[in-house]
Every structure is written in structure tokens, then in C-alpha cells.
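Q:
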Amino acid sequence: MAVAHLRRSGGSRIMTMPASVVERAEKSGFMLDSVDVDFDELSKRIVIVSIKPRYKLEDLLAQCDPDAPLTAEEEAWFADGPMGSEEI
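Heads up: the sequence shown begins at -5 in our numbering, then just goes up one per residue.
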């Protein structure tokens, strides 16, 4: 387990996390710029939870099948043409 250092800033504390922990967290998709922090009374631990996952475009595209047939809704959308001032 790595050690995080705390320092005072007004009435709060600022935590400095070791680079190795940050790198492991970011590789797993943990979003460090938006976190929820709480103190767990039962375990006597400070808990840091990622508010939302960070997605990478290549990971999202890897889930898609470019050869999948269009649904009826998608075909209707393409056949409908422009609805406003957009150009196709």
C-alpha cells in the first residue's frame, strides 16, 4: 500500500497521491479529476470513489460492429432527409 501525504490548506486538507497509484487508477479508467470522498466509520478509512468512468474513443469503437445491418429506425432516419438548415 502506498502512502498519501496530507497538508493543511485553510480548514481543509490537500492529499498528494503517489504517481504509481495515479497511473494504476487511470489505467483502470478511474477518473481522478471528479471523485467522491467520505469517511467510513466502520472500517475507519477514507473512501475515494470515482464519480463517473472515463471512456476512451477506441474502447467505445471496439464495441461497435461496423458491418452490422441498420435497424428500421436508423434506415428511416437516413431516408428522412434534412429537417432544418443542415446540409447533407
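We treat Cβ as the ideally placed atom computed from N, Cα and C, and that holds for glycine.
1) Restricting to Cα atoms, I'd like to know which of PHE24, PRO63 and GLU80 is closest to VAL43.
2) Distance, Cα to Cα, GLY75 vs ALA66?
3) From LEU64, ARG48 and LYS21, pick the residue whose C-alpha is nearest to that of VAL29; which is it?
4) Among residues of its own chain, excluding the 5 on either side of LYS38, which ones have a beta-carbon nearer than 6 Å to its beta-carbon?
5) Can you give me the start and stop residues for the alpha helix (DSSP H) that LEU0 sits inside?
A: In terms of the structure at hand:
1) Taking only the C-alpha atoms, the option nearest VAL43 is PHE24.
2) Approximately 15 Å, taken between the alpha carbons.
3) The shortest C-alpha separation from VAL29 is found at ARG48.
4) Once the five neighbours on either side are set aside, LYS38 has no close Cβ partner at all.
5) Judged by DSSP secondary structure, LEU0 falls outside any alpha helix (DSSP H) and instead within the beta strand (DSSP E) spanning -1 to 3.
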